[in-house]
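Trainee:
In the working numbering, the protein residues as written are 5 to 68.
#1: Residue 26 to residue 19, Cα distance in whole Å?
#2: Could you tell me if residue 10 is buried or exposed, where buried requires 16 or more neighbouring beta carbons within 10 angstroms of its beta carbon?
#3: Whole angstroms is fine: what's the gap from residue 78's alpha carbon to residue 51's?
#4: Rounding to the nearest angstrom, what Cα-Cα distance links residue 55 and residue 62 in this structure?
#5: Short of 6 Å in beta carbon distance, which residues of its chain neighbour residue 3, apart from the five on each side in sequence? Order them along the chain.
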């Protein structure tokens, strides 16, 4: 049962990181031809919060 904790943390971290990348891609596609990254303020805040959560989870492990 000891191996489930790191596996669960890895899967959750991967899911959160993928969510950040998907929201960024959606914002870029939604921007259309005008170019640039046209993210809304809510998307930026969500990305910051998700990144903070992922970093907090990763800090729990003794990584090299």
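C-beta: ideal position from N, C-alpha, C; glycine also.
Keep in mind the model is a prediction, meaning the values are calculated, not measured.
Mentor: In terms of the structure at hand:
#1: Position 22 of the chain shown holds residue 26. Position 15 of the chain shown holds residue 19. Computed Cα separation, rounded: 10 Å.
#2: Along the chain shown, one-based indexing puts residue 10 at 6. The residue is exposed, with fewer than 16 neighbouring Cβ atoms inside 10 Å.
#3: With the chain covering 5 to 68 only, the question about residue 78 has no answer from this structure.
#4: If you number the chain shown from 1, residue 55 lands on position 51. If you number the chain shown from 1, residue 62 lands on position 58. For residue 55 and residue 62, the distance between alpha carbons rounds to 10 Å.
#5: Here the chain has residues from 5 to 68 only, and residue 3 is not among them.
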